[in-house]
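A quick write-up on the structure given underneath.
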Amino acid sequence: MSVQLWTWILVGITFALYFGIAIWARAGSTKEFYVAGGGVSPLANGMATAADWMSAASFISMAGIISFAGYDGSVYLMGWTGGYVLLALLLAPYLRKFGKFTVPDFIGDRYYSNTARTVAVICALIVSFTYVAGQMRGVGIVFSQFLQVEITTGVVIGMAVVLVFAFLGGMKGITYTQVAQYCVLIFAFMVPAIFISIQMTGNIIPQIGMGGRVEDGTYLLEKLDSLHTQLGFKEYTEGTKSTWDVFAITLALMAGTAGLPHVIVRFFTVPKVKDARKSAGLALLLIAILYTTAPAVSVFARTNLIETVSNKEYTALPQWFKNWEDTGLIAWSDKNGDGKIQYVNGEATTGKPEFTEARGASGERLIANASAETNELYVDRDIMVLANPEIAQLPAWVIALVAAGGLAAALSTAAGLLLVISTSVSHDLIKKQLKPNISEKGELMAARISIFVAIIVAGLFGIYPPGFVAAVVALAFGLAAASFFPAIVLGIFDKRMNKQGAISGMVVGIILMLFYMIRFKTGLIGVMEPLPASEWWFDTSPEGFGTVAMTVNVIISVIVSRLTPAPPESVQEIVEHIRIPSGAGEAQSH
9 MSVQLWTWIL
19 VGITFALYFG
29 IAIWARAGST
39 KEFYVAGGGV
49 SPLANGMATA
59 ADWMSAASFI
69 SMAGIISFAG
79 YDGSVYLMGW
89 TGGYVLLALL
99 LAPYLRKFGK
109 FTVPDFIGDR
119 YYSNTARTVA
129 VICALIVSFT
139 YVAGQMRGVG
149 IVFSQFLQVE
159 ITTGVVIGMA
169 VVLVFAFLGG
179 MKGITYTQVA
189 QYCVLIFAFM
199 VPAIFISIQM
209 TGNIIPQIGM
219 GGRVEDGTYL
229 LEKLDSLHTQ
239 LGFKEYTEGT
249 KSTWDVFAIT
259 LALMAGTAGL
269 PHVIVRFFTV
279 PKVKDARKSA
289 GLALLLIAIL
299 YTTAPAVSVF
309 ARTNLIETVS
319 NKEYTALPQW
329 FKNWEDTGLI
339 AWSDKNGDGK
349 IQYVNGEATT
359 GKPEFTEARG
369 ASGERLIANA
379 SAETNELYVD
389 RDIMVLANPE
399 IAQLPAWVIA
409 LVAAGGLAAA
419 LSTAAGLLLV
429 ISTSVSHDLI
439 KKQLKPNISE
449 KGELMAARIS
459 IFVAIIVAGL
469 FGIYPPGFVA
479 AVVALAFGLA
489 AASFFPAIVL
499 GIFDKRMNKQ
509 GAISGMVVGI
519 ILMLFYMIRF
529 KTGLIGVMEP
539 LPASEWWFDT
549 SPEGFGTVAM
559 TVNVIISVIV
569 SRLTPAPPES
579 VQEIVEHIRI
589 PSGAGEAQSH
């Protein structure tokens, strides 16, 4: 059977499973819609949390980033997994004990202020929409390549699927759908990794295979270093980032992970604080399966890609190259006219070269820039995981399985993010501020309308992505670190932190991060082009600037809180109470 047919079969089966679960888990109350009724088991919640967190960025983009960045890509592994340790130790149990549905709800009550709640809602919406745009785009790319439909059509199909299980079931439907999606995505990631590990090194465990020997007896990583240096790239196992920037990016990703609103809300779906701790630990173990495999997948894919295309006749290339060329995610421009692909060191930039139809010209193409005139090949990082089984000539069903896994990863996170957007509007704006007397039925209807509108907006972001979306793998995390993380941590551990301090810190933190993102990623402020790395403040990349903005947030929060009146005694008592690691009062809502 063809890859396309296998893809239709596997995607059809997985989608039927998601729809079946959504119908079975229909939400009948706001508690079921927001937190799945608070009765999810730690194992199911751990699996759902892992699926919620392992987005298209983790499944599709991360191994692609590492395969091109080599050692420098390790910041994503350290930051995203380290963030989970922070979440499990510093936040999850305390937030669960506080007993609120959403992060803005916690901030609004802890800081006894609707202004603080509104600022938190705005931060949640900015972070969530920044993050969800990439998920919808990922859905479109998978559909366009494997099901041969337009990217726009793919995004619309993805919107319809998410709408069904998010609209019907809310958190209850999403939770049990995400358990199924975790199983699909982890199976889809591991099967090709195991196949290729056996193929290249004879080792069934990819993590060990990455450090193993290839047929000629040399170590795989040594071979890849050699291939890199021959083509003018830096050695794969050497890094170019400064120690400070590695630290800044890692910390921003850690704090951002711990502050992501769609992940934090997962810990309200279990019955007890003890269960919140358990599910955080289980999620970490389940996430580690993919995260320890990603570097191996990166090494396998990079080695196979170079050996397949470098200095090869264009006409003799395998079919997968032509397929991906049609999507515009691989492009070749024969600069020296020899009919061979010269793949050498040189970044790529957008352009519209004169391609023939045989080379997949349709719309805008990406080519090597003037500083790398000899490089003839552009490869989009996002295709490395998706194309890896094709490059390695694995069976058609394995290639189709990866497509189903990519869709599961993107859709599970999109659903979680859209629920945060909907609850922020229906619960934190309408119920808590605009219409306090709204009925439960009315609030549930508002939540469903909000999720419908949010899906439309997210779909538009996927179809017409803002210019910086390709570069925001880490930026949504920087925004979460700069805004939420200090307000939550100080809210738990600093009794003296008051509403003036928290509001000032959140506003300054998110504005500073947004300014830096726009200044150095899109160039909209002051100049038409993004400023170069030589202009970075404190030698900090935009991906790492969340650490700087977060530090500024903390300093301002603490100073302002000390210069203004202390919080009421009742609030200070609540802070004392949620820090006591006892079983008493676990499910209390203050």
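Each residue of the sequence shown is one higher than the last, beginning at 9 in this note's numbering. Virtual Cβ for every residue (Gly too), placed ideally from N, Cα, C. Given the structure is predicted, the values throughout are model-derived calculations rather than measurements.
| Check | Outcome |
| --- | --- |
| Do G414 and V150 have their C-beta atoms closer together than 7 Å? | yes |
| On the criterion of 16 or more Cβ atoms from any shown chain inside 10 Å, does D224 qualify as buried, or is it exposed? | exposed |
| Pick from L99, Q12, L13, A64: whose alpha carbon is nearest that of F492? | L99 |
| Determine the closest residue to V273 out of T160, W252, L427, with distance taken between C-alpha atoms. | L427 |
| Mark E355 as exposed unless 16 or more other C-beta atoms lie within 10 angstroms of its C-beta, in which case mark it buried. | Low local confidence applies: a pLDDT of 46 at E355 is under 50, so the model's placement there is unreliable, with the coordinate-based value given in what follows. That one is exposed. |
| If Y184 and I29 are in contact, beta carbons under 8 Å, what's the gap, nearest whole angstrom? | 5 Å |
| Tell me the DSSP bridge mates of I338? | V387 |
| Rounded to a whole number of angstroms, what is the C-alpha to C-alpha distance between W544 and F528? | 8 Å |
| With which residues is Y26 paired in a DSSP beta bridge? | DSSP lists no partner for Y26. |
| Counting only runs that start and end within the segment 91-141, where is the alpha helix (DSSP H) found for 4 or more residues in a row? | 100-106, 111-118 |
| According to DSSP, which residues form a beta bridge with Y227? | R221 |
| Can at least three beta-carbon pairs, one atom from the segment 50-58 and one from the segment 437-454, be found at a separation below 8 Å? | no |
| In chain order, what residues of the same chain have a beta carbon less than 8 Å from the beta carbon of E451, not counting five sequence neighbours either side? | T38, S434, H435, I438, K439 |
| Short check: CB of V192 to CB of G166, under 7 Å? | no |
| From G7 to G219, what does the alpha carbon distance come to, in whole angstroms? | Since the first residue of the chain shown is 9 and the last is 598, residue 7 is not available in this structure. |
| Return the CA-CA distance between D346 and E321, expressed in angstroms with no decimal places. | 9 Å |
| For P550, which option in I586, L483, I519 has the closest C-alpha, if you only look at C-alpha atoms? | L483 |
| Classify R285: buried if its beta carbon has 16 or more other beta carbons within 10 angstroms, exposed otherwise. | buried |
| Assuming the contact rule is C-beta atoms closer than 8 Å, V19 and G467 should be a hit. Round their C-beta distance to whole Å, please. | Contact doesn't hold; Cβ gap of about 18 Å is too wide. |
| Using CA coordinates, which residue listed in M521, F195, G499, T161 is at the minimum distance from I297? | F195 |
| Using the three-state DSSP reduction, which class does E158 fall into: helix, strand or coil? | coil |
| So if DSSP puts K348 in a beta bridge, which residue, or which two residues, is it bridged to? | E321 |
| Just checking, does the segment 500-509 make contact with the segment 567-576 on the three C-beta pairs under 8 Å criterion? | yes |
| In this structure, does DSSP put D502 in helix, strand or coil? | coil |
| Between which two residues does the alpha helix (DSSP H) holding V406 run? | 404-431 |
| Could you have a look at E398 and say whether DSSP puts it in helix, strand or coil? | helix |
| Taking its Cβ as the centre, do 16 or more other Cβ atoms sit within 10 Å of R456, making it buried, or is it exposed? | buried |
| Can you give me the Cβ contacts of M525 inside the same chain, cut-off strictly under 6 Å, excluding the 5 residues immediately before and after it? | L483, P550 |
| How big is the Cα-Cα spacing for N211 and M198? | 13 Å |
| Return helix, strand or coil for K180, following the three-state DSSP convention. | helix |
| Quick one: using the 10 Å Cβ neighbour count with 16 as the cut-off for buried, is V11 buried or exposed? | buried |
| Where Q207 and S306 are concerned, what is the direct C-alpha to C-alpha distance, given to the nearest angstrom? | 15 Å |
| Return the CA-CA distance between A128 and S136, expressed in angstroms with no decimal places. | 12 Å |
| Does the count of Cβ pairs from the segment 321-337 and the segment 248-266 closer than 8 Å reach three? | no |
| Buried or exposed: where does S542 fall if 16 or more other Cβ atoms within 10 Å of its Cβ makes it buried? | exposed |
| Within the same chain, show all residues whose beta-carbon is closer than 6 Å to that of A454, passing over the 5 residues directly before and after it, in chain order. | S434, I438 |
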